[in-house]
Amino acid sequence: MLKKYTFLVFIISLFALTSCGDENEPKYYAPSSGPINLISVFSSEEMYQELEPALTDSLIFGKIFPGLYYPPEIMFATRQFNSEDFNRFKTTRLVLDVKQGEPSITFEKNAFAKPQAYVQVAGNNSEEILNLLRQNQDSLINFYRSVDREFLLDDYKSNARQEKEKLNNLGVSLLIPKDFRVAESNDSFVWFRKDQFNTIHNKDERGGIATHQSQDILNIMVYKVPFAKTEVTKNDFYAIQDSIMRIYTKGDRTPVERYLKTNQGNDSIKVLMTDHIQTEMTPMLEDFYDFTKISEDDNHIVYETQGYWSMTLSQMGGPYTAKLILDKQDKTLYIADGIMFAPLNQGNSKKRDYITSLESLFTTFMIK
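Numbering (our numbering), first residue to last: 29 to 396.
Set out below in structure tokens:
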């Protein structure tokens, strides 16, 4: 009897130890799948037909991506899966799981895969569900965008440039992929550039397949400037960006003389205009710009901004995204500026994906 009791205690102790070991082991996550900027909606077909028109309007996922106005590109596209197929496709990266019931919405990161943004929304009908999505638009967009950035960054980390001397000289750190080359650098400025071909296929007017190609250019310019103010405004950034671009981004056009209005009534002055990148200040475009303070402590303020650039004389333009770090103690403004040229607009362009990739890299931008 004693032997049986001792054996039973041993088995219970072994089970307890095994259970404790399981609790301490890190949880395994399947890798998430799917394109970036694409939300998988799990619902019945009938419910999706009621939801789809509103999902892609400006009050939910159809908000125009900042800086992408020509052609306009929305924040996220959507695709539908039947709710019955959830277990088969639950590892997709961006998930909107639609349920019927009392109105509620929950956010969960890495629920079934990693990285993953899982949102469950419930309502008694489509209008209740849409109202919840509209009320939580900013939280939804920020949640999904942050997970896309994390996914891209995981891939970039395994393909990062090891040479960091030029960034060290600026006093900053920033992950730069190996396929970016150094175009120009000095003690206060470094320019990384990547050239790649973009090919898309779409149907022509006769129903055949048309192929379009372009040479796309991704630029990352990192620079620092003296800055004595305790806050940065969007106009401060525009002026600084334009002054830097005037030095480093000269185009092929011959400088021309132009008259510019001054602040003195109708007076104007004659200036020699060179061909360079500038922030496009057309009022219509500024509606698509964004300038946001994202964090602040006693000595630093961090901003994100998106907008549109153009050449002063050439017929070229495109979106930009930038991250700014203000060091109030050292009175220095550090900027990582992502400027993109992707002229292909037929079919689906890659502008939105390019901007998302640059933004993911800029999450690593820090003062050393």
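A virtual CB, placed ideally from N, CA and C, is assigned to each residue, including glycine. Quick caveat, the model's predicted, so the values are computed rather than measured.
Within 10 angstroms of the beta-carbon of Met-103 lie 16 or more other beta-carbons, which makes it buried. Taking Leu-160 as the centre and dropping the five residues before and after it, the same chain places the C-beta of Pro-131, Ile-133, Val-149 and Gly-151 closer than 7 Å to its C-beta, in chain order. The three-state reading of DSSP puts Asp-85 in coil, since its state is none of H, G, I, E or B. The three-state reading of DSSP puts Arg-177 in helix, counting H, G and I together. Residue burial annotation: Ala-267 is exposed, with fewer than 16 other C-beta atoms found within 10 angstroms of its C-beta. Within the same chain, and ignoring the five residues on either side of Lys-262 in sequence, the residues whose Cβ sits closer than 6 Å to its Cβ are Phe-319. When DSSP states are grouped into helix, strand and coil, Leu-158 belongs to the helix group. Contact between the segment 231 to 239 and the segment 247 to 256 is not established, with fewer than three Cβ pairs separated by less than 8 Å. When DSSP states are grouped into helix, strand and coil, Lys-351 belongs to the strand group.
Counting along the chain, Arg-121 sits inside no beta strand (DSSP E), nor does DSSP assign it H or E at all. In its chain, beyond the 5 residues on either side, Val-250, Tyr-362, Phe-393, Met-394, Ile-395 and Lys-396 have a beta carbon closer than 7 Å to the beta carbon of Val-200. DSSP places Thr-384 in the uninterrupted alpha helix (DSSP H) bounded by 379 to 390.
Arg-209 is classed as exposed because its beta carbon has fewer than 16 other beta carbons within 10 Å across all chains shown.
Contact between Ser-60 and Thr-106 is absent: CB atoms are separated by about 17 Å, not below the 8 Å threshold. In terms of Cα proximity to Ile-157, the closest of Gly-62, Tyr-317, Leu-79 and Lys-142 is Leu-79. Per the coordinates, the alpha-carbon of Leu-202 lies some 11 Å from the alpha-carbon of Lys-351.
A straight-line Cα-Cα distance of about 39 Å links Glu-191 and Thr-310. Within the same chain, Cβ atoms closer than 6 Å to the Cβ of Asn-247 are found at Arg-221 and Ile-367, the five residues on either side in sequence being excluded.
In the assembly as shown, Leu-180 is a buried residue. Its beta-carbon has 16 or more other beta-carbons within 10 Å. For the 8 Å CB-CB criterion, Thr-333 and His-304 do not form a contact. Separation of the CB atoms of Pro-94 and Phe-316 is rounded to 6 Å, and the pair is thereby assigned contact status at 8 Å. Counting along the chain, no alpha helix (DSSP H) covers Tyr-57, and no H or E run does either. Scanning its chain for C-beta atoms nearer than 8 Å, with the 5 sequence neighbours on each side dropped, one finds around Lys-359 the residues Pro-254, Phe-255 and Ala-256, in chain order. For Trp-337, the CB contacts under 7 Å within the same chain, skipping 5 residues up- and downstream, are Ile-305, Gln-306, Thr-307, Glu-308, Gly-345, Gly-346, Tyr-348 and Ile-367 in chain order. Among the bridge pairs identified by DSSP, Asn-214 is matched with Phe-217.
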